[in-house]
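If you're matching positions, the sequence shown starts at 36 in our numbering and goes up one per residue.
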Amino acid sequence: MKNELSDIETLKRIALQAGEIVRQGYHSRKEIRHKGVVDLVTQYDVKTEEYLLSALAGAFPGHTLVGEESYEGAYDLKKAIYIDPIDGTTNFVHTIPHLAISLGLWEAGIPRSAVVYNPILDELFWAERGVGAWLGGERLHISKDTLLQNALIATGFPYAKVNRGPEYRWVVEAFSTLLPEIQDIRRLGSAACDLSYLARGIFAGFYEIDLKPWDVAAGILLVEEAGGVVSNLEGRPYRFGAKGIVAGNPIIHQKLLERLPQYTNRPIYQ
């Protein structure tokens, strides 16, 4: 039976319901498993994703569901919903309230609808292509900062940093280059939250490397619908699988591109 709600209203409803699971887990004992040296997953990541997959499958039967904890396959899909059940699991484990359920609906390589919901702070960000980006009923607009020295920039660190390889070197070089020229850097621990706050005008720019589609699929549309620009490190339109992502208002975005190092497989620090 066809869903009577619009796509965005359906995504919002499902995210809000999934938020109950995340809230319960946030204040409960977690069973922690390591996917990597510092990459964590809890039973609530799995439980939340299971709920999301079930609810979304019934509401969007024509879309491939790409969940962080369960999907194995290609990311370049004709119709898909990219799902992060808890973006910011490390924060979730340590009861730091910056985390989110992220749902991004894409068709033919274009984001159409997006929801980022932080159930701990009860912040519901959403966007529809051509309709704008919103926090609840508040229309969002990107920061108007044009001076890099006044810009608060958000970033994150790749899990591969533990190897002290090229990813680690890139992060250190980016910090070294940018920090003297900007107001400051924030690392909240959730790309979905970072991009939502960028759309809200709190951050003026954002950059990171080694992100997955479910980390950014919803946030990209929020930023674009708030008037921002999103690209890869070379300034071309961002595509899943790109090594890095850069976002901001058009002026700050360009200034970040001019200063961020290009990524190459260079040797580790000696």
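Ideal placement from N, C-alpha and C gives every residue a C-beta, glycine not left out.
Could you tell me whether the stretch 198-212 touches the stretch 149-169, where touching means 3 or more Cβ pairs closer than 8 Å? no
Burial state of leucine 40, where buried means 16 or more other Cβ atoms lie within 10 Å: exposed
For proline 132, which three-state DSSP category applies? coil
Where do the ends of the beta strand (DSSP E) carrying leucine 168 lie? Checking the sequence shown, residue 168 turns out to be alanine, not leucine. Note, alanine 168: beta strand (DSSP E), 167-170.
Suppose the cutoff is 8 Å on Cβ atoms and the five residues either side in sequence are ignored; what does the same chain contact list for glycine 224 look like? Gly123, Thr125, Asn126, Ile131, His133, Leu134 and Gly191
If we call anything under 8 Å between Cβ atoms a contact, is serine 63 one with glutamate 84? no
Skipping 5 residues on each side, what residues in its chain have a beta carbon closer than 6 Å to that of lysine 65? Thr77 and Val128
Hey, is the stretch 214-223 in contact with the stretch 250-266, meaning 3+ C-beta pairs nearer than 8 Å? no
Glycine 60 and tyrosine 79 closer than 8 Å at C-beta: yes
Could you spell out where the alpha helix (DSSP H) holding isoleucine 287 opens and where it closes? 285-294
For alanine 94, which of Pro120, Ala50, Arg58 and Gly54 has the nearest alpha-carbon? Ala50
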